[in-house]
Amino acid sequence: MSMFNIFNVSGSAASAQSQRLNVVASNLANADTVAGPDGQAYKARQVVFQTQLMGEMGAAGVQVSTITEDQTQGRKVHDPKHPAADADGYVTYSNVNPVEEMVNMISASRSYQNNVEVMNTAKSLLLKTLQMGQ
Amino acid sequence: MLNRLTDTLDFQGQALTLRSERQRLLASNIANADTPGYIARDINFAQALKEATGAQGGATLNTSQAGHIAAATGARAEPNLLYATASQTNLDRNSVDMDRERANFADNSVKYEATLRFINGNVRTMLDAIKGQ
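Shown next as structure tokens:
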């Protein structure tokens, strides 16, 4: 039954999108942090999606292949009294762009909803198929 | 005699299988809406159904030697997967048009259900004929 594979396909996409949402959440949470766990300023993260073949003809799911870090220079603010200030009195904040992250968040949640709706449609069709001939 | 009763079901059965295969393709397209480099796939349903029901020759097996085996009736190859072109160019070379895919998905699910109802109606008619009431 080829339609059962839809749950694998849409399920993998929903899990990839929720991972993307997770990354967006940690970026937004760290938008104003000065130092990350390694002592350096936090760098914005991005997930990279990749098609994952699901065996049967044409069935293509999604997986997260890597999570990349944005290497651009973080925002510098002159604040000599700050404990994390460098020799010139500049504090390096994270390079998170909140506007970009908000757009990313909306896109991820819409894609997630799309996949859930696909699963609901497939489920109702399959339930009707199970009652075939009755 | 009995196969005459179920011959009409064969066509609907093929249609239902193809509809479910198309449904899976469309679900894959929607799932990969954000994957860079993904090219949307689809099948030409009318063409695939014609090939599956033998109304128009798709791939046929040549039997030129005595030992060759002819393809069984109703045997079908996998339908040709086509590539959907992007309606708008995209920086990440993804050709999924979400509006088109959603519309196709809704269309396909309605037609899947229609085929199911045809099958159910057919079965009911035959059962009524058998019961003779």
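Chains as they are written, first to last, in our numbering: chain D, 1 to 134; chain L, 1001 to 1133.
Cβ atoms here follow ideal geometry from the backbone N, Cα and C, with glycine treated the same way.
CA-to-CA distance, residue j to residue i, given in whole angstroms
i               : j               : result
residue 1058(L) : residue 102(D)  : In this prediction, residue 1058(L) has a pLDDT of 49, which is less than 50 and means its spatial position is unreliable; what the coordinates show is noted afterwards. Spanning the two alpha carbons is a distance of roughly 50 angstroms.
residue 135(D)  : residue 74(D)   : Outside the shown range of chain D, which is 1 to 134, sits residue 135(D), and nothing can be said about it.
residue 134(D)  : residue 1120(L) : 7 angstroms
residue 58(D)   : residue 1081(L) : 8 angstroms
residue 1096(L) : residue 4(D)    : 22 angstroms
residue 1019(L) : residue 1112(L) : 6 angstroms
residue 12(D)   : residue 1090(L) : 23 angstroms
residue 86(D)   : residue 41(D)   : 12 angstroms
residue 47(D)   : residue 1066(L) : 59 angstroms
residue 1103(L) : residue 114(D)  : 12 angstroms
residue 122(D)  : residue 1092(L) : 29 angstroms
residue 27(D)   : residue 1016(L) : 46 angstroms
residue 84(D)   : residue 70(D)   : 21 angstroms
residue 1036(L) : residue 65(D)   : 11 angstroms
residue 35(D)   : residue 79(D)   : 15 angstroms
Spatially closest choice to residue i from the options, by CA coordinates
i               : options                            : result
residue 98(D)   : 9(D), 23(D), 11(D)                 : 23(D)
residue 29(D)   : 39(D), 43(D), 17(D)                : 43(D)
residue 160(D)  : 76(D), 110(D), 109(D), 112(D)      : Here chain D covers residues 1 to 134 and nothing more, so residue 160(D) does not appear.
residue 33(D)   : 70(D), 93(D), 6(D)                 : 93(D)
residue 1027(L) : 62(D), 100(D), 105(D), 9(D)        : 9(D)
residue 72(D)   : 45(D), 50(D), 132(D), 39(D)        : 45(D)
residue 52(D)   : 1008(L), 1048(L), 1029(L)          : 1029(L)
residue 110(D)  : 1045(L), 1006(L), 1098(L)          : 1098(L)
residue 980(L)  : 2(D), 55(D), 31(D)                 : Chain L is shown from 1001 up to 1133; residue 980(L) falls before or after that span and cannot be answered.
residue 125(D)  : 1034(L), 1114(L), 1040(L), 1086(L) : 1114(L)
residue 118(D)  : 1105(L), 1021(L), 1047(L)          : 1105(L)
residue 1078(L) : 1042(L), 1109(L), 1108(L)          : 1042(L)
Identified DSSP bridge partners for residue i
i               : result
residue 63(D)   : 50(D)
residue 69(D)   : 45(D)
residue 78(D)   : 90(D)
residue 1041(L) : 1083(L)
Contacts that residue i makes with chain L (C-beta to C-beta distance below 8 angstroms)
i              : result
residue 130(D) : What residue 130(D) touches in chain L: nothing, since even the nearest Cβ is about 10 angstroms away.
Interface partners of residue i on chain D, CB under 9 angstroms
i               : result
residue 1041(L) : 58, 60
Interface partners of residue i on chain D, CB under 8 angstroms
i               : result
residue 1035(L) : 49, 50, 51, 62
Partners in chain L for residue i, counting only beta-carbon separations shorter than 7 angstroms
i              : result
residue 127(D) : Under the 7 angstroms cutoff, chain L gives no residues; its nearest Cβ is about 11 angstroms from residue 127(D).
residue 6(D)   : 1023, 1024, 1027
>> Beta carbons nearer than 9 angstroms to chain L: which residues of the stretch 18-31 of chain D have them?
In response: Residues of the stretch 18-31 of chain D with a Cβ closer than 9 angstroms to any Cβ of chain L, in chain order: 20.
> Listed from N- to C-terminal order along the chain, which residues in the stretch 1106-1125 of chain L have their beta-carbon within a distance smaller than 7 angstroms of any beta-carbon of chain D?
Replying inline: 1109, 1112, 1113, 1116, 1119, 1120, 1123
> Listed from N- to C-terminal order along the chain, which residues in the stretch 1001-1033 of chain L have their beta-carbon within a distance smaller than 7 angstroms of any beta-carbon of chain D?
Replying inline: For the stretch 1001-1033 of chain L, the set of residues with a beta-carbon nearer than 7 angstroms to any beta-carbon of chain D comprises 1020, 1021, 1023, 1024, 1025, 1027, 1028, 1030, 1031, 1032, 1033, in chain order.
>> Tell me which residues of the stretch 1079-1096 of chain L have at least one Cβ-Cβ distance to chain A shorter than 8 angstroms, keeping chain order.
In response: Of the chains in the structure shown, none is chain A; the protein chains are D and L.
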